[in-house]
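Asks: Sharing a structure here in structure tokens format.
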Amino acid sequence: MIFALKFLQFFMRFDLNIIAVIPARYDSTRFPGKVLANKTGKFLVQHTAEQVLKAGSVSSVLVATDSQKVFAACETFEAACAMTSHKHKSGTDRIAEAVADIDADIIINVQADEPEISPEDIDLLASLLVDNPDAQMATLVTGIEDQEMLNNPNVVKCVTGIDGRALYFSRSPIPYNRQAGSGDMQLAKRHLGIYAYRRDFLLEITKLPQSPLEVCESLEQLRVLENGYKIMTAMVENACEGIDTEEQYERFVERYNSSLS
Numbered sequence: 253m254i255f256a257l258k259f260l261q262f263f264m265r266f267d268l269n270i271i272a273v274i275p276a277r278y279d280s281t282r283f284p285g286k287v288l289a290n291k292t293g294k295f296l297v298q299h300t301a302e303q304v305l306k307a308g309s310v311s312s313v314l315v316a317t318d319s320q321k322v323f324a325a326c327e328t329f330e331a332a333c334a335m336t337s338h339k340h341k342s343g344t345d346r347i348a349e350a351v352a353d354i355d356a357d358i359i360i361n362v363q364a365d366e367p368e369i370s371p372e373d374i375d376l377l378a379s380l381l382v383d384n385p386d387a388q389m390a391t392l393v394t395g396i397e398d399q400e401m402l403n404n405p406n407v408v409k410c411v412t413g414i415d416g417r418a419l420y421f422s423r424s425p426i427p428y429n430r431q432a433g434s435g436d437m438q439l440a441k442r443h444l445g446i447y448a449y450r451r452d453f454l455l456e457i458t459k460l461p462q463s464p465l466e467v468c469e470s471l472e473q474l475r476v477l478e479n480g481y482k483i484m485t486a487m488v489e490n491a492c493e494g495i496d497t498e499e500q501y502e503r504f505v506e507r508y509n510s511s512l513s
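This is the structure we're talking about:
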């Protein structure tokens, strides 16, 4: 009842059709077949889909995949699933194909390996586009924990304006504090891999060629900035960690089983 009321209040305020799309590839270099790992009795992608549906802003969830195995698994828990081309180079391209014929205002991109993602964070992300009609895209950031994280090229950093607008994303420790002679942990933010797009913008940006900075940093969000579009960000305190390895999955299974006891 509480969830239903929350859902109704959100849509009475925003009057928008917001759908979440979960790109779910079966192949994974570090953890093959992880989206269908099911030691909890549920597939990993199922956990993610159910968590996303707790967000009051989301009207429906769609899984986008290039795998018949994932498609068949989604049928067992009655999740909507769209088969897409296996030629896509990114989850964003996969999502664009999946929503090409769907009537929606805002698309939320949630990775399939985030079964503990916060529904409140999803609502916050959606509100960024609702409250900023001149922004075409939105994402979330969190704090940098230590110097090691700041220097880690696998951790994407973001710098923003005072209004929350993203200025740049990089794998390098930005911004550079000249006085300290290093990256600035106070000004840098860690980028989280969840996005919101206006549907028409998503279809447009995925048709544009890769941009020079995008290729240089291997970060597709830079294509958006290089083409002059606005990305809004919001800060969250506690970032949910995705599952990249079997060890991380085992720890999730332990947490899930503990929550049931």
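Adding 252 to a residue's 1-based position in the sequence shown gives its number in this note's numbering.
All residues carry an ideal CB built from backbone N, CA and C; glycine is no exception.
Let me know the secondary structure DSSP gives Thr336 once reduced to three states.
Replies: Three-state result, Thr336: coil.
Asks: When we look at the beta-carbon of Asn479 and count the other beta-carbons within 10 Å, is it buried (16 or more) or exposed?
Replies: Per the 10 Å Cβ criterion, exposed.
Asks: From the DSSP output, read off the bridge partner residues of Gly435.
Replies: Gly435 pairs with Tyr428.
Asks: Using CA atoms only, rank isn't needed, just tell me which of Glu499, Met437, Val488, Ile426 is closest to Glu469.
Replies: It is Ile426 whose Cα lies nearest to the Cα of Glu469.
Asks: How about Ile270 and Val362: do their beta carbons lie closer than 8 Å?
Replies: Cβ distance not < 8 Å, so Ile270 and Val362 don't count as in contact.
Asks: How should Ile414 be labelled, buried or exposed, when 16 other C-beta atoms within 10 angstroms of its C-beta is the threshold for buried?
Replies: With fewer than 16 Cβ atoms within 10 Å of its Cβ, Ile414 is classed as exposed.
Asks: Note down, one range per segment and in chain order, each beta strand (DSSP E) of at least 3 residues found wholly within the stretch 296-381.
Replies: If we require 3 residues or more, the beta strand (DSSP E) runs fully inside the stretch 296-381 come out as 312-317, 332-335, 358-361.
Asks: Going along the chain, which residues of its own chain have a beta-carbon closer than 8 Å to the beta-carbon of Ile483, five neighbours each way excluded?
Replies: Once the five neighbours on either side are set aside, the close Cβ partners of Ile483 are Ala387, Gln388, Met389, Ala390, Thr391, Arg417, Ala418, Gln473, Val476, Leu477.
Asks: What does DSSP give as the partner residues of Val273 in its beta bridges?
Replies: Its beta-bridge partners are Leu314, Asn361.
Asks: Name the DSSP bridge partner or partners of Leu444?
Replies: According to DSSP, Leu444 bridges with Leu392.
Asks: For Leu211, tell me which candidate among Ala378, Ala324, Arg282 has the shortest Cα-Cα distance.
Replies: As displayed, the chain neither begins before 253 nor continues past 513, which places residue 211 out of reach and without an answer.
Asks: In three-state DSSP terms, what is Tyr278?
Replies: The answer is coil: DSSP assigns Tyr278 none of H, G, I, E or B.
Asks: What does the alpha-carbon distance come out to for the pair Tyr278 and Gln431?
Replies: Going by the C-alpha atoms only, they are around 47 Å apart.
Asks: Taking the alpha-carbon of Ser434 as reference, which of Gln320, Lys341, Asp398, Ala491 has the nearest alpha-carbon?
Replies: Selected option, being the one with the closest Cα: Asp398.
Asks: How would you label Leu296, buried or exposed, when you count the other beta carbons within 10 angstroms and need 16 or more for buried?
Replies: By the neighbour-count rule (16 or more Cβ atoms within 10 Å), Leu296 is buried.
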